[in-house]
Amino acid sequence: MAYFQIEASSPEFVIRLRSHTVWERMNVKLSCIVQGVPSPQVKWYKDGYLIEPTAVPGKYTIENKIGLQTLEISRYLFLIVDRLSCREFIPRRWYSNHRSNHLTLLLPVASPVELDVDIVDGFEVSFAQEDGSLVLVCTFSSPLPKHQQDISWFRDGDLLVETDCLGIECTDYYAKVTLSDIHKEDEGLYTIRLPTLDGHKEHSAYVFVRDGPAAVTGAPGSPLDVQGLNVNQDYVFVTWKPPSADGGSPVLGYFVERCEEGSESWIQCNDVPEKLCKLPVLGLCENTSYQFRVLAVNSAGVSRPSKVSEPVTTTDPTIGDRIMTIQLDRGKIVISKDELEGEVCIPLPPTNVHITEVGQTYIALCWNEPCPRGREPLKYYVEKSVAGSGSWQRVNLEVPVSCPRFAVFDLDRGKQYCFRVRAVNKYGISEPSEPSRAVSHTEILAAPSPPYAIIPTRNTKTSVLVQWQAEDTEEPIGFYVYVCEIGTNNWEICNNKPVTSKRLVVHDLKPGKKYVFRVKSANPAGLSDYSNESTPIEVNNLPSAPYGLVQLTCGKNEMVIGWKEPKFLGGREILGYFLDCHDLEDPDWHEVNINPITTRIYKVRLTEGHFYEFRAFAMNWAGVGAFSETSDQFKCEEWTMAQPGPPFDVTFTEVRRSSLVVLWQPPLYTGQSPVTGYFVDVCEIGSDEWMTLNEEPTLNTHFKVSDLKGGRSYMFRVFAINSAGAGQPSLPSDPVIAETRRGTTDVEAGVDDEGNIFLAFQCPEFSDGSRFIWSKSYQEITSPERAQMETKGNTSKLIFTDPSEDDLGTYSVEATNTGGASSSYALTQEELQRLKDLSYEIRNPTIALKSDWAVEFLEKGTVRLWLQTQNLSPAAQLRFIFNEKQVSSTPTHKINFDKASGLIEMIIQNFAEEDQGSYTAQLQDGRAKGQFTLVLIDEKFRAILTQCDSQRRDWKRKQGPYFEKLLHWEVTDKCDLLLSCQVTNTKKETILKWYKNGHEITDIIYNPQTGISTLQISQVTKENAGVFKTVVADDRGEDSSVLDLYSDILCGLCSSGVSASELKLQCTVEGIKLYCFMKYQMDYMKKTWYLKYVQDLKSFFHTTRDTSFLMVWVQILNPIESDRGKYTLEMFDGKQTHKRTLNLSEKGRGAFIYNKARVVEGLPDVVAIMEDKTLTMTCLISGDPVPEVFWMKNDREIVTGERYQITLQKMTVTLTIQTVTCKDSGRYSLFVRNKHGSDTANVTLSVYKHDEKPKEGIPPLSAFVFSFPASAVFCVSFL
């Protein structure tokens, strides 16, 4: 045998790794080629760590195929960067000194592309009532990406914004609009706009608002769309739209009401109802915001008020026009025209006086202000004149007009009037303006003529499209549509907000009923008469004609014809079909079948070699519909071609924005060999090019088409093939738009309360004439062995009898007579296992736990162990296990079980060592079971046992007298130290004693009724430090409380700053005095007074300050206004600053400055008078409240009598003494007082006889000269 020597070689990368960029969750395969002798061993690394496929099963797959090394990564996750490397080496026993090669792969992962989200469930046509509420919701197919979160809502094309009555909410999965306090203005077409990468998607539906209950039976509906226009200083022009409902009698007019914004007081603006839907409102206040509402009136009464208008503010709209801006190099100069027109005095006349509106009760005027107008404010006088008379009369006699707009009321309807205006300012009245043209009330706007040519058209099974024609009218507002069911004579309003287009889809009609329609036009003059009634139309009636008749196979004397189901079923299930035919040699049509056939294919016996045409009819419960279009000419000749015939009945289901499923029936003629597959072609509408979708023929009679372009229309056709080739194509399908229909739902898999696995499908459009068809692999399920079908309302369920692997596959469902509502669900092995697990949990339920085991301590050291489950039935059972042994309730271990609340508890009277272990509650309630265990051992058990012992000791302590409040200290308002405690559960024999440092204290206070005992220490010093103890005892036991007072605590208490009281105020004769008391005074403490924190009162010349042992004070002499403010006393004791403040600016404080009782000027010191004269002394006083007044002689009060008369008139006090005598000599005092203070003035009276002279130095009263300030009033007189 010959051996070959192989030369060893080092490992080498022939083809190296390359970088890859992949989408998240995609599979990626890395490869390289390695060679070497002997064959190298290859290992893969990620970020320097060896990749071991067994560590992450299914994540990595490593292969080696003759040097081709591959690494496949399944569902690559999004990371920032991965570094992968491949290393190879030769086993040491073969070759030991060859170096290994190393290559690094940088693998960045692309971020996922955000795809557009679809609207999967949109809101439908909705109906609401005035003052009600409504919610419109749209749900999305998946969470909204960032580029689609800017969602907009529109009503009739106008963007909606949030208000108090309109809420907008948007989440990742739905968008919602909430309408509260609905008005007729909220009616309209609502649209949600969802941004997309290439534009936007929209969903729309109409919201109708019906009238609320009438305020009075027979009253009209409320007006709508109230607006305030042409706003000026005192003028607003109000417009509105007429209501659709007149209550059975014509609307006579409208009342307009106004109120100021924020007020609830409504004021009627017009006394006479205005026929037109507009009214000028005069006499408003400038710079005030107003809101308006309107009420309609007919012979029955007044309607509900309209929705309140938006607020408008009465301002001068021309203010901005009178401002000029001049641009300069260094900036700009803003100049008002008022500054340039200062020389204008008497204004020029207004210009361009013209008529703006002619109403039933008014004529509205407008003019231009004079130019120049001057800087003075302008008013206007309006004058009227009967045309041709030359006599002018002022209209606004009471109040001039503030703005260049005015309305004239109470005019004679049979006359023509001209108007002119004068401007007026403080300098005078201008010349009159040029007169306006002559006008009369006959020029009032007329009501529109009624619409005509009312044409109803079927729209859906519950709606009709109504269209009409109308003549052009002046100032059109819109149209109202009315509907009546045939035979009822009950006309109902379709829309309460006028539509501007000449068409309206009327919804909420009853299937199978006939209706007629009529329309009214609207403009500001009101509504037109009713139009003529339309022709009757039945909402839901006969089916439309079948279509797509095709020849499916042909023999010598027979032919099979097929056709498609009618597009419109009439809202009912198709019961059968009829087929007619005629020979081209015979012009008459003949019935093929007398009884209806339920299938859509039929074999017809004919004559060989003749040509035939066919037509078909569909029948439902309403009858037989129209016949179809005539088919092509088919020759009765036996088919002998080798290829198969055409497939037929090509339809589609599960239409979505990017996909759908095409279905068809196999050809009846298979050719010379069996059919081996099908090809599906597609053609986009607008193109004649057909493209084949599948490269390989499909064996199924269904095919899922993907990657369609949303919003595009497509048609499909199918070819059958056999060994001879492709046969004839089927007829093309109907066009279909790749769009997810509104309200589309998907099949959902679930498990019901009984544990049955089901598939469910909900169809909002399901009706009485609809039914659900379930299919597996798109073949209708007809046998009930493996699944049962159940329908409730608009939801159908497919319930599996005994789910197994035989039930795996694709299930689809379709709701007939709904326009194609359908969906499918792929039941996989994983999904089936998940559902079976859930079914097991439901059929074998567990009892849910509300609160797990808890330990609670009761009195006397009793322990409560408890837990709470969900509410249980009366049949529930409990087994209580302690240390693996079942126990029952005993007096020391009581077990309670409340089934209604699910509460389980064990109460242990004397918790002890033998209670250590595990506690288990086993429950069963029907099929539901539960087991819950509490383990009390080691530290957890010791902690509970310790707590129980403590509670038992505390309970024993409280059997005799005990301290409810332990001994503690506090500082009183007077800075005394108060020690106190409180005892309870005492009796007469109970003794309470105090001790300090072991020595008993006797000067204590003890109240047996309250149990409170106190010890008060005044003038605290360091000597008061020590250990205080109180003991309470009687024959039942004793208790004690200890308090240790350190010297540091007492030092803080002795601080004078701490002991200072709050600042207080005292009024004195000289002024006011601010002071505070201190319990402790220290000479070294710094004390400073401040006014308003910045002014030291040392700088005030009219203040005095002092400090006594118990008081710090400052006195303000003759206080003035500037003495008001916040006063602060700062006290610094060397460690911290203490402050006391008093604010004399607060209400009630500082009133003494002007309100104190005072004698404005004192009396003279001495007065001399001769006897027998009458003396009168008068003085002026002040104070608020008015002071009390007392006159005194020699400090004794003078009482009014025969000789003494005291009067007080306002602030003047007078004392009159009749016939003075020498006994009247003495010292007289005037004393005044009120709550802010008091004051006194003194005078000495000397009476001398006729033959005497006044004492030396005292001038007689006749020679007395007084000199007082101008503010003082004082008088002494005699008679």
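Residue numbers (our numbering): 671 to 1949. From the three backbone atoms N, C-alpha and C, an ideal C-beta is built for every residue, glycine too.
Annotation for residue 1785: the continuous beta strand (DSSP E) segment containing it runs 1781 to 1787. By the CB criterion at 7 Å, residue 1193 and residue 1143 fall inside the cutoff.
Comparing alpha carbon positions, the residue from 1140, 1195, 1156 closest to residue 1189 is 1140. Taking a C-beta distance under 7 Å as the contact criterion, residue 1356 and residue 1337 do not qualify as a contact pair. The alpha carbon of residue 977 has as its nearest neighbour, out of 1067, 851, 940, 1081, the alpha carbon of 851.
Here residue 1627 has 1707, 1709 as same chain residues with Cβ atoms under 8 Å from its own Cβ, once five neighbours each way along the sequence are excluded. DSSP, reduced to helix, strand and coil, places residue 1715 within a strand of the structure shown.
Residue 1422 and residue 1428 have their C-alpha atoms roughly 7 Å apart. Listed in chain order, the non-local C-beta contacts of residue 1617 below 7 Å within the same chain comprise 1527, local neighbours out to five positions each way being set aside. Secondary structure note for residue 1510: its alpha helix (DSSP H) is the uninterrupted segment 1499 to 1513. Here residue 1229 is bridged, per DSSP, to 1224, 1274. The beta carbon of residue 1003 lies closer than 6 Å to those of 996 in the same chain, with the five residues before and after it left out. Sequence-distant partners of residue 1675 (beyond 5 residues in either direction) whose C-beta falls short of 7 Å from its own C-beta, in its chain, are 1683, 1684. Going by DSSP, residue 1598 is part of the beta strand (DSSP E) stretching over 1598 to 1606. Closest option to residue 829, judged by alpha-carbon separation, among 807, 856, 808: 856.
Take residue 1376, set aside five residues on each side of it, and the residues of its chain with a beta-carbon closer than 7 Å to its own are 1328, 1329, in chain order. Residue nearest to residue 1433 within the set 1448, 1449, 1560, 1416 is 1416 (criterion: CA-CA distance).
Look at the beta carbons and you see the stretch 1560 to 1574 not touching the stretch 1503 to 1514: under three pairs across the two are nearer than 8 Å. Taken in chain order, the complete beta strand (DSSP E) segments of 3 residues or longer contained in the stretch 1839 to 1863 are 1845 to 1852, 1858 to 1863.
Cα atoms of residue 1405 and residue 1382: separation of roughly 10 Å, rounded to the nearest angstrom.
Here residue 806 really is in contact with residue 846; their C-beta atoms are around 7 Å apart, less than 8 Å. The shortest C-alpha to C-alpha distance from residue 1737 to any of 1713, 1712, 1787, 1714 is the one to 1787. Our two residues, residue 1798 and residue 1744, have alpha carbons roughly 10 Å apart in a direct line. Around the beta carbon of residue 916, 16 or more other beta carbons lie within 10 angstroms, which makes this residue buried. Cβ contact annotation for residue 1289 (same chain, cutoff 8 Å, sequence separation greater than five): 1213, 1244, 1245, 1246, 1247, 1248, 1266, 1295, in chain order.
Proximity to residue 941 across 959, 965, 958, 956 peaks at 965, based on C-alpha coordinates. In this structure residue 1078 is in contact with residue 1035, their Cβ atoms being roughly 7 Å apart against a cut-off of 8 Å. Bounds of any beta strand (DSSP E) do not take in residue 1581, whose DSSP letter is neither H nor E. One Cα belongs to residue 1201, the other to residue 1122, and the distance between them is close to 6 Å.
In terms of Cα proximity to residue 1215, the closest of 1173, 1237, 1207 is 1237.
In this structure, 1081 is the residue among 860, 1908, 1637, 1081 with its C-alpha nearest to the C-alpha of residue 1030. For residue 1549, the secondary structure class from DSSP, reduced to helix, strand or coil, is strand. Contact check for residue 1219 and residue 1286: beta-carbon distance about 6 Å, within the 8 Å limit, so the pair qualifies. Residue 1044 holds the alpha-carbon nearest to the alpha-carbon of residue 1095 among 1119, 1059, 1044. The C-alpha of residue 1663 lies about 10 Å from the C-alpha of residue 1669. Residue 1918 and residue 1734 have their C-alpha atoms roughly 50 Å apart.
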